[in-house]
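Take a look at the structure below.
Numbering (the UniProt record's numbering), first residue to last: 1 to 292.
Below, the structure is given as structure tokens:
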């Protein structure tokens, strides 16, 4: 006979839950929009500077490290980079030029640390008002601040915007330990529940009771219910993302339904092993693989 302790697996699950909450805070911080500081002095200089400074930056005459025309063409006709003349994204939301120049996009490098703020806004307004483009208003820090958190139709169709662009080392560490601790805790608790607090070596015959049958039926019904809800939510999200006015997918609901399906399937398996399947308990010595 050997003790089948549930204390350490419980502690492991509690620690995993705490680490998971911390991980959610880190992910939320990574995906949150960066606030924009409105500088009155910078805003006042944009109107007078953009025609000259913007022109110089675009054609590589302001900073030797930056030459927009080299990739986008001298007249915005495109080349290595996308076409700027008549670009629908620019015409609908000129503010994206600032964030693209600052942070880069695709093969385009970030110039946030190369260009000054006034140069970034100058070239953004130059692009938004040249090559046949005509913005409704100048791109200013105030306009950018107003657009923080707002996304266009094409962006709403990208599920990747709901997760961080990259996972840093501390997040990888947390994910790894959450998975390990959760696995250890669940196996340990299941062992305690299915085999009892004390292990008795030998074959154990089991007979299903009315309660276990009811629990199994309810668990299977739950799997069916959440499967229907999951499929329905996926279809709703797809329809919303393809609508004329796109609606962002409800990833939280999708994740909840998927998690409930997995958990209920695990419950079904556990009930089957405990109440519907004969089992054998083999007690390991001190060199056993599992610490519980």
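Where a beta carbon is used, it is the ideal one built from N, C-alpha and C, also for glycine. Predicted model only: the values in this text are computed from it and were never measured.
Taking 8 Å as the upper bound for CB-CB distance, residue 133 and residue 127 are in contact here, some 7 Å apart.
Going by DSSP, residue 130 is part of no alpha helix (DSSP H) at all; its letter is neither H nor E. Per the DSSP secondary-structure output, residue 105 pairs in a beta bridge with 108. For residue 230, the enclosing alpha helix (DSSP H) begins and ends at 210 to 241. About 4 Å separates the beta carbons of residue 192 and residue 6, which is inside the 8 Å limit, making them a contact pair. The closest CA to that of residue 90, considering only 136, 269, 187, is found on 136. DSSP, reduced to helix, strand and coil, places residue 44 within a helical segment of the structure shown.
Contact annotation: residue 23 and residue 123 have beta-carbon atoms that are not nearer than 8 Å.
Between residue 21 and residue 182, the CB-CB gap reaches or exceeds 8 Å.
Approximately 6 Å separates the beta-carbon atoms of residue 268 and residue 220; this is inside 8 Å, confirming the contact.
By the C-beta criterion, the segment 112 to 122 is judged not to be in contact with the segment 68 to 86, since fewer than 3 inter-stretch pairs fall below 8 Å.
For residue 56, the enclosing alpha helix (DSSP H) covers residues 55 to 58.
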